[in-house]
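Everything on this sheet refers to the single structure shown next.
Numbering (the working numbering), first residue to last: 159 to 267.
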């Protein structure tokens, strides 16, 4: 018996079987996703920038929304719900940017 037949499925050449197996493994690994490290960092930095601009006082609602979304993202990350955590972190960043813009506008008036 040749090695070629020992590792392949009946009727499927080894190279085709290996390609299909590789594709399946790649799809499985890709489906798990990675932790949204960059998105979490971006959200934290945006929240800090909003705080530095005075958003705690002049844009409290948007600032607190950003912080709440970041807390949600952190909990989702802890639960290994990476896709949801990524979405929440992006929303936190957007809310923090809005809070910073509102704080800067309030400072100009």
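Backbone N, C-alpha and C define an ideal beta-carbon position, used for all residues, glycine too.
Between which two residues does the alpha helix (DSSP H) holding residue i run?
i, result
"residue 236", "218-236"
"residue 244", "240-266"
"residue 210", "195-210"
Within 10 angstroms of the Cβ of residue i, are there 16 or more other Cβ atoms? Answer buried if so, exposed if not.
i, result
"residue 233", "exposed"
"residue 249", "buried"
"residue 246", "buried"
"residue 197", "buried"
"residue 229", "exposed"
"residue 213", "buried"
"residue 251", "buried"
"residue 201", "buried"
"residue 210", "exposed"
"residue 185", "Because the pLDDT of residue 185 is 48, which lies under 50, any placement of that residue in the model is unreliable, and the number read from its coordinates should be weighed accordingly. So residue 185 ends up on the exposed side."
With a cut-off of 8 Å on the beta carbons, I'd call residue i and residue j a contact; round off their distance for me.
i, j, result
"residue 257", "residue 220", "4 Å"
Just to confirm my understanding: we take residue i, look at its own chain, exclude 5 residues before and 5 after, and list those with CB closer than 8 Å. What are they?
i, result
"residue 216", "260, 261, 264 and 265"
Tell me which same chain residues have a C-beta within less than 7 Å of the C-beta of residue i, skipping the five on either side of it?
i, result
"residue 255", "204"
"residue 253", "220, 223, 224 and 227"
"residue 136", "No answer is possible for residue 136: it lies beyond the span of the chain, which begins at 159 and ends at 267."
Might you give, ordered along the chain, the residues of its own chain that have their beta carbon closer than 6 Å to the beta carbon of residue i, omitting 5 neighbours on each side?
i, result
"residue 243", "194, 231, 234 and 235"
"residue 207", "258"
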